[in-house]
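Numbering (this note's numbering), first residue to last: -6 to 101. From the three backbone atoms N, C-alpha and C, an ideal C-beta is built for every residue, glycine too. What follows is a short report on a single structure.
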Amino acid sequence: MEAARIDGASHLRVFFTIAMPLSWPAIITVGVFAFRETWDDFTWPFLVIQSDAMRTIPLGIRTFQQAELSNFPHIMALTTLASIPLAVFYFLFQRYFVRGVAASGIKE
């Protein structure tokens, strides 16, 4: 970064051409973990949401499970459908995610 500054690059140019490309794996890794945590969250929406129209996917699956007590094939189909967006999100950013996880565990 110092070399770029010596060559006359502005602070923004150094940030966007050097720092950001190096940071993308870490940013994507945090994004994947944050998306997974919010997508699978059950407890907080269960405590806060009162309206049926605002229900999240895990709450909807729970409501369906209570209505259809022994209909496990349908419940498993719903959980599989609910996991598809997370799988698509992971596969789209897999390259960055693996780099970010690998970089976080390597000492230099």
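Are the stretch 83 to 98 and the stretch 16 to 32 in contact at 8 Å, needing three or more beta carbon pairs?
-> yes
Please confirm whether H67 and F57 have their CB atoms less than 9 Å apart.
-> yes
For R29, collect the residues of the same chain with a Cβ closer than 7 Å to its Cβ; drop the 5 residues on either side in sequence, then sort them by chain order.
-> L79
Starting from the C-beta of R(-2), find all residues in its chain whose C-beta is less than 7 Å away, skip the five residues before and the five after it, and write them out in chain order.
-> V7
Distance, Cα to Cα, P14 vs Q59?
-> 48 Å
What is the residue span of the alpha helix (DSSP H) that T72 lies within?
-> 65 to 85
With burial defined as no fewer than 16 other Cβ atoms inside 10 Å of the residue's Cβ, what is the status of V41: buried or exposed?
-> exposed
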